[in-house]
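**Student:** Each residue of the sequence shown is one higher than the one before, counting from 1 in UniProt numbering.
Structure in structure tokens, see below.
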Amino acid sequence: MHLDDLLDSELALPSIPRAVAMVLSELDSPDPDLRAISQHINTDIGLTTRLLALANSAQYQLAYRIGSVSDALAVLGLNQVRALTTAAAMSGAFKNVPGLDMQQFWTYSLNVAKLSRKLARNAKANSAIAFTAGLVHASGELVMHVGMPEQMAWLNDRVGPLSLKRAKAEHQLLGYTYAEVGAGFAKHWKFPLAIVEAIEHQRAPFDNKVYEALAGVVHLSSWRARAQEAGYGDAQLTDSFPDEVALALGMDIDEVMQRDPIDWTSQQESAGML
């Protein structure tokens, strides 16, 4: 399927939920209204449920349980609410995706988000935006699996969806990858330009002399999380390390490895996305 046809497919590329559109619009305003944001979220029961589940997940390590959207806004801050709202909306829009283990997908995505947030500080990029970009960087896989399940099933039999070789295999088969599709998805849902560009350029963040620091952060984080999924040992990590991207960001393999999450995302944590 041609990229434009895929991105024009209403089945593969669902519309952004109205509540989420209203929340993101309010978050982008010069002076966001917390009451309005809370009211918009509360109009969507599924969104509210998933937002609270994520806010109470182990990654935030809060001393008490968050029981309302207003509590989430007060404790987590607007950037984290943006990330959680986006994640909750995506998990609702893509409930059953043929050919993907959704719990594995969200576990992986949360790992990339956590790593991106940590590496962003080294790259002097916005860590909250990096978290969101990492969380949704593989959204193109969801769109592709829904929009062309037979082609993705054929590819999955040869190269797994979270393999380090996946993007190359997709490009050989289709002429594009989950990165370009994900950027189209992000534009469709009116994500900030910084996130759209990070997703689009994540495979080759410094090609054509373009410096995309956030894309470089996502590239490194994705490499590390995919290597974790593959069970790479020290030698394989060293051999596959994207040193050119790391060098451009002023990092080496030791600095990247030191930013591993203390605890990789658990199944219980990612279950909040389902």
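Note that the Cβ used here is the ideal one computed from N, Cα and C, for glycine as well.
1) Could you pull out every residue in the same chain whose Cβ sits closer than 6 Å to the Cβ of Ala128, ignoring the five residues on either side in sequence?
2) Does DSSP classify Lys168 as helix, strand or coil?
3) Hey, out of Ala113, Gly140, Val146, whose CA is closest to Ala130's CA?
4) By how many angstroms is the C-alpha of Ser9 removed from the C-alpha of Asn126?
5) Using the C-alpha atoms, what's the distance from Ala36 back to Glu26?
6) For Gln202, does the count of other Cβ atoms within 10 angstroms reach 16, so buried, or fall short, so exposed?
7) Leaving out five residues on either side along the sequence, give the residues of the same chain with a beta carbon under 6 Å from the beta carbon of Leu162.
8) Could you round the C-beta distance between His40 and Ala19 to whole angstroms and report it? I think they count as a contact, below 8 Å.
9) When we look at the beta-carbon of Ser222 and count the other beta-carbons within 10 Å, is it buried (16 or more) or exposed?
10) Excluding the 5 residues flanking Pro205 on each side, which residues of the same chain have their C-beta closer than 7 Å to its C-beta?
11) Taking the CB atoms as reference points, tell me whether Gly233 and Asn122 lie closer together than 8 Å.
12) Going by CA-CA distance only, name the one from Leu47, Gln103, Gln104 that's closest to Val81.
13) Contact between the stretch 160–180 and the stretch 133–146: three or more CB pairs below 8 Å?
14) Do Ala88 and Leu54 have their C-beta atoms closer together than 8 Å?
15) The alpha helix (DSSP H) spanning His40 covers which residue range?
16) Which term fits Asp44, buried or exposed, when burial requires 16 or more other beta carbons within 10 angstroms of its beta carbon?
**Tutor:** Answer, in terms of the structure:
1) Excluding residues within five positions, the ones whose Cβ falls inside 6 Å are Asn79.
2) Helix, per DSSP.
3) The option with the nearest alpha carbon to Ala130 is Ala113.
4) Here the alpha carbon of Asn126 sits roughly 32 Å from the alpha carbon of Ser9.
5) Glu26 and Ala36: Cα-Cα distance of roughly 8 Å.
6) Buried: at least 16 other Cβ atoms inside 10 Å.
7) Taken in chain order, the residues that qualify are Tyr108, Arg226, Glu229.
8) The C-beta distance from His40 to Ala19 rounds to 5 Å, short enough to meet the 8 Å contact threshold.
9) With 16 or more other Cβ atoms within 10 Å, it is buried.
10) For Pro205, where only same-chain residues beyond five positions count, the Cβ hits under 7 Å are Glu212, Ala215, Gly216, His219, Val245.
11) The answer is no: Cβ separation not under 8 Å.
12) Comparing Cα positions, the closest option is Leu47.
13) Cβ pair count under 8 Å is three or more, so yes.
14) Between Ala88 and Leu54, the gap from beta carbon to beta carbon is short of 8 Å.
15) Per DSSP, His40 is one residue of the alpha helix (DSSP H) stretching across 34–42.
16) With 16 or more other Cβ atoms from the protein chains shown falling within 10 Å of its own Cβ, Asp44 counts as buried.
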